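*Asks:*
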Amino acid sequence: DVLPVTPLQEGLLFHALFDGSSRDVYVEQMVHTLEGPLDVPALQAAWAALLARHESLRAGFRQPVGAARAVQVIARAASLPWREEDLSHLPETEAQAAADLAEKAEQTRRFDLADPPLLRILLLKLGPDRHRMAVTLHHIVLDGWSLPILMRELWTAYEAGGSTAGLPTVTPYREHLAWLTRQDRQAAREAWQQALAGADEPTLVVPTERSAAEPTLTGTVATEPTEEVERAVRDLARAHGLTLNTVVQAAWAMVVGQLSGRGDVVFGATVAGRPADLPGMETMLGLFINTVPVRVRIDPAQTVAEALAELQTQQSALLDHQHLGLTEIQRLAGAGATFDTLMAFENYRAGETELPGALRLTDTEVRESTNYPLALGVSPIGRLRLRLDHQLHVFDESTARTLLSRLVRVLAQFAADPQARLGRIPVMTEAERSLVVGEWSGTAQPVAGESFLDLFGARVGVASGVAAVRQGVDVLSYGELDERSNRLARYLTGLGVGREGVVGLCLPRGVDMVVALLAVWKAGGAYVPLDPEYPADRLAFMVADSGARVVLGSGSTLAGVPVGSARVVLLDEV
């Protein structure tokens, strides 16, 4: 049978064909350590039965010559790639080392994606009742949400001697592909265009020339927040009607924003892609996930609670449109939808399958690489666990651990004070900030004793007739600028503006703004810029929060602006 591919499958096929000479980072491996009596023929029969049961395990992928889209070809039957190796004659240390080498060789060996099955089983015997089972597969056929289903079915079939008769009827993967074709793609395009409107620059934590280098192996660091922090974060989500995913996404955006130097942050999110309205979804194996952009605009004046609520609202509006492929989204949205960090909220149980009889699963290790410099995995089942996969040619282990600690720090601050302004939540510790600013910047220079006003006055003395400010046809010389700012400064002084006095400036950029800020400085005060385009309630908050006693503007800019008890001064009347 010839079937279409999902958007992510098409992307993975492209990577495999394009990077055909290098290591395929999408070859993944699970290693299970098994203790107790193992019926090897029954295990091999169980794997063969699952291969026959699930069409997604028998899929090969091709890009037909001249065709616009890739296809997957489902083989009617496929032989199970099964290999056994007995290492039990070796001393324990040597056996473990030999097992590591054998497993690594399996993972680094590429699959031919056109030749199914894209799955290999290696069973290593370490002792009479001790085995390691390495399951190597290509991500194009299975996602992380499918693995617990696969393992549950494996051990059920094993217990039945290799029979799948006791398993529920499986819903074929093609039902998911048919569901995709029924979705409203035009509505999805419009939703993503709207969500990413105005995002005009990529969010990159690594310079393009470094990320373009051939990726090396991936390192992994992990941590669990303290029970106190985790409890507070979960309480925060519960109290404000938020998902835990939303809270971690916002905190990750803060870390990525600090790392990339951006306030309008976009990163990738892995979504499950398993629609609740598709019957039999709980028994289906395949690649359902998709990667979509998450946009977080970090407004320093917003509270944590406000920012989290806004992010969850935005994400909820996109839930019905998560089926659209990332390539198409990025083509529609432009450069602003480009990112090089990923986050996956892994809301599924892995490695907790109950084995039959006296057989025990004592360890499960998932080995995977990433095509992104940074990929955050969040496991909320049981204790909250944060895992950061990092490309070693870009981020070393120490740096990766620092980034994880920053994430935990931001989460703790979110939970400690949901009414705190985002601008007051430091991502770095004081020690880190001192190191960056004090020791690494290397830009400290001796400063002359003159103030700006001293320098301005000196310039007026030698170039009074020279143009100082120009906006279209409006031009002020240094002398005219000095005279106008002096007149306004005397007026402000008469209103009580002096040292440390705050004046709000609600003016557009232009000649009047320059006159006003000079006047405030000459009166000894400090100015707070109030953008006339801001909403009225935001301006009212800024006036109150800054303690401004005077607000300076024009009749047009101050119309409808609630300034509280502050004195209003119209510049055109002074």
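Residue 701 is where the sequence shown starts when you use our numbering, and the numbers rise one by one after that.
The beta-carbon is built from N, C-alpha and C at its ideal position, and this holds for glycine as well.
Note that the structure is a prediction, hence the values are computed from the model and not measured.
#1: D843: which of L1042, A972 and E890 sits nearest, CA to CA?
#2: Who are the Cβ neighbours of A1035 in its own chain at under 7 Å, not counting the five residues just before and after it?
#3: What runs of the alpha helix (DSSP H), each 4 residues or longer, lie entirely inside the region 872-942?
#4: Please say whether Q958 and V1127 have beta carbons closer to each other than 9 Å?
#5: DSSP on W845, reduced to helix/strand/coil?
#6: Return the first residue and the last residue of the beta strand (DSSP E) that S686 is part of.
#7: Write down every uninterrupted run of the alpha helix (DSSP H) in the region 1226-1262 whose length is 4 residues or greater and which is fully enclosed by it, in chain order.
#8: Quick one, which of R1170, F761 and E1180 has its alpha-carbon nearest A1163's?
#9: Bridge partners of E735, per DSSP?
#10: Mapping DSSP to helix, strand and coil, what is R776?
#11: To which residues of the same chain is A749 closer than 7 Å at the C-beta, ignoring the five residues directly before and after it?
#12: Pairs of beta-carbons, one from the region 1000-1013 and one from the region 868-878, closer than 8 Å: are there three or more?
#13: What's the gap between the Cα of L867 and the Cα of R852?
#14: Could you tell me the distance, in whole angstroms, from the CA atom of W952 to the CA atom of L1107?
#15: Measuring alpha carbon to alpha carbon, tell me which residue in E928, L1019 and E859 is nearest D884.
#16: If L667 and L1086 are in contact, beta carbons under 8 Å, what's the gap, nearest whole angstrom?
#17: For V1066, which residues of its own chain have a beta-carbon under 6 Å away from its beta-carbon, when the five flanking residues on both sides are left out?
#18: Tell me, to the nearest whole angstrom, how far the beta carbon of L985 is from that of H754; I am working on the premise that it is less than 8 Å.
#19: Identify which residue in A1244, L757 and D1117 has its Cα closest to the Cα of L818.
#20: By alpha-carbon positions, which one of Q1030, A797 and P707 ends up nearest to A895?
#21: Suppose contacts are defined by Cβ-Cβ distances below 9 Å. Is G1201 in contact with V1250 by that definition?
#22: Count the other CB atoms within 10 Å of the CB of T793; is the residue buried (16 or more) or exposed (fewer)?
#23: State the start and end residues of the unbroken alpha helix (DSSP H) segment that holds A1007.
#24: Is it true that the CB of R832 sits closer than 9 Å to the CB of L703?
#25: Measuring alpha carbon to alpha carbon, tell me which of L1059, G1057, H1090 and I1081 ends up nearest P1073.
#26: From this set, D812, P781 and P816, which residue's C-alpha is nearest L823's C-alpha?
#27: Considering only DSSP beta bridges, list what L1076 is partnered with.
#28: Three-state secondary structure (DSSP) at L1195?
#29: Expressed to the nearest angstrom, what Euclidean distance is found between the alpha-carbon atoms of V956 and D1245?
#30: Quick one: measure Cβ to Cβ for V994 and H838, integer angstroms, because I've assumed they're closer than 8 Å.
#31: I'd like the ranges of any beta strand (DSSP E) spanning at least 3 consecutive residues and lying wholly in the region 787-813.
#32: I'd like the span of the alpha helix (DSSP H) that includes F1156, first residue to last.
#33: Classify S779 as buried or exposed, calling it buried when 16 or more other Cβ atoms lie within 10 Å of its own Cβ.
#34: List the DSSP bridge partners of P704.
*Replies:* Let me lay it out:
#1: A972
#2: D900, E901 and P902
#3: 874-881, 885-895, 908-911 and 927-939
#4: yes
#5: coil
#6: The structure shown does not extend to residue 686, since the chain spans only 701 to 1274, so no value can be given for it.
#7: 1236-1246 and 1255-1258
#8: E1180
#9: R830 and R1060
#10: coil
#11: A857, G862, S863 and T864
#12: no
#13: 10 Å
#14: 6 Å
#15: L1019
#16: Not covered by the structure: residue 667. The range shown for the chain is 701 to 1274.
#17: M730
#18: 5 Å
#19: L757
#20: Q1030
#21: yes
#22: exposed
#23: V1004 to A1017
#24: no
#25: H1090
#26: P781
#27: M1043 and L1088
#28: coil
#29: 28 Å
#30: Incorrect: roughly 26 Å between the Cβ atoms, too far for contact.
#31: none
#32: F1152 to V1162
#33: exposed
#34: V771
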